[in-house]
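With the UniProt record's numbering, letter number 202 in the sequence shown gets 202, and the count goes up by one each step, no holes.
Ideal Cβ positions, reconstructed from N, Cα and C, are used throughout, including at glycine.
If you're wondering where the values come from, they're calculated on a predicted model, not measured in any experiment.
Read the structure below first, then the notes.
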Amino acid sequence: MSLDGLGEPSGAQQLPTLFPVPEPAAPSRRRRSPSAGAAGGPGVGASDPMAAAADGDPGRAATAGAAARPARGSVDEAGRQLVFFGAETVEPAVADLAGLLAGPGEVVRMGGTARLSIVVDAPWRVHVLVAELAQRGLSASWEPTEDERHAVRTSYTRALKPLAVAWTRGVAKRPPAGFHLNGRRLRLWLAAAGEVDPPGCRLHLGAADRQWWEPVGAALAAVGLAGELLDSGASGPAYLISGRHRLRRLAELVGDRPSATPPTAWP
């Protein structure tokens, strides 16, 4: 079922009906610290070769390890202190989709283009992901699966080729060297495959990605979200984030709850 890239269904086709289609959110215009802009601090992926490539700057990709030390935080127009690495401190970018690939997302290449897909378990996740993809200029489609879930996928596009190149070796998915997480990447991961399960939160992984679970866990730990790897159970593999401090940190990083998301489904 096709969408027009703006989060609205085309023709008579409709998104899952549990929640209304949210209005496309305009990209955030936050006041950023110097390191979140031209200085290329870790908050915008300067240490991540994929992020540099996705920004269309091969020179940055070649020197991606030399990130400048960022400021501790920034302040928005309302005077709030924004969390360093938080979703509100940087503009949406295609490189953020690395958060979906850290979870159960998949990316495939075709010629000079690529497509990202992920299967989600609830209609509200479809709404949130379609809106997030539209903010990054990506059109999306969805269809129900035989097990009563929903497959969300982008169109094939050149914009996703750097992401696919960084995350694949042959047809296999694997995190690139220097992979890290930030607020926007975590926000997408949570929206697609996060499960708030008091007193913790599970971030689900790809069942076929076992050899890459450890690097993903290390990236979580690097942003203060060291989790327990759950390798069994009907819900599949996941990192369990628990503890008051870590859950508060997660909530600060992912930002405000999307409008289509049930209150109990967001930290």
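Give the DSSP-derived three-state secondary structure of residue 90 in the structure shown. coil
Taking all protein chains shown into account, decide if residue 154 is buried (16 or more other Cβ within 10 angstroms of its Cβ) or exposed. Buried is the call here.
Straight-line Cα distance separating residue 108 from residue 116: When only Cα atoms are considered, residue 116 and residue 108 end up about 7 Å apart.
Under the three-state reduction of DSSP, which class applies to residue 249: helix, strand or coil? helix
Selected residue, minimal CA-CA separation from residue 266, among 128, 167, 222, 143: 128
Specify the secondary structure class of residue 43 as computed by DSSP and reduced to three states. Low local confidence applies: a pLDDT of 36 at residue 43 is under 50, so the model's placement there is unreliable, and no value is given.
Under the assumption that residue 188 contacts residue 99 (Cβ atoms under 8 Å), give the Cβ distance between them as a whole number of angstroms. 4 Å
With a threshold of 8 Å on Cβ separation, who are the neighbours of residue 119 within its own chain once the five nearest residues in sequence on each side are excluded? 104, 145, 149, 150, 151, 152
Might you give, ordered along the chain, the residues of its own chain that have their beta carbon closer than 6 Å to the beta carbon of residue 193, omitting 5 neighbours on each side? 103, 104, 204
Check whether residue 250 and residue 229 have beta carbons under 8 Å apart: no
Residue interval of the beta strand (DSSP E) (run including residue 143): 140-144
Considering only residues of the same chain and omitting the five flanking positions on each side of residue 190, which have a CB-CB separation below 6 Å? Setting aside the 5 residues that flank it on each side, residue 190 is surrounded in the same chain by 254, each with a C-beta closer than 6 Å to its C-beta; the list follows chain order.
Once the 5 residues before and after residue 137 are set aside, which same chain residues still bring their CB inside 6 Å of it? none
What residue range does the beta strand (DSSP E) around residue 163 cover? No beta strand (DSSP E) holds residue 163; the alpha helix (DSSP H) holding it covers 161-167.
Measure the C-alpha to C-alpha separation of residue 207 and residue 237 and round it to an integer number of angstroms. 6 Å
Residue 202 versus residue 222: straight-line alpha-carbon distance, rounded: 17 Å
List the whole-angstrom C-beta distance separating residue 240 from residue 178, where the pair is believed to meet the contact cut-off of C-beta under 8 Å. Going by Cβ atoms, the distance from residue 240 to residue 178 rounds to 25 Å, so no, they are not a contact pair.
Which residues does DSSP list as the beta-bridge partners of residue 197? 200
In three-state DSSP terms, what is residue 132? helix
Identified DSSP bridge partners for residue 109: 114
Given the structure, does residue 160 come close to the ligand SAH, in the sense that its CB is under 7 Å from one of the ligand's heavy atoms? Looking for the ligand SAH in the displayed structure turns up nothing, as the structure carries no ligands at all.
DSSP three-state assignment for residue 220, whether helix, strand or coil: helix
Report the partner residues of residue 151 according to the DSSP bridge assignment. 119, 143
Extent of the continuous beta strand (DSSP E) to which residue 177 belongs: Where residue 177 is concerned, there is no enclosing beta strand (DSSP E), given that its DSSP letter is neither H nor E.
Looking only at DSSP bridge pairs, what is residue 239 linked to? 203, 229
Segment limits, alpha helix (DSSP H) that includes residue 101: 98-102
Contact with chain D by residue 108, beta-carbon distance below 8 Å: Of the chains in the structure shown, none is chain D; there is only one protein chain.
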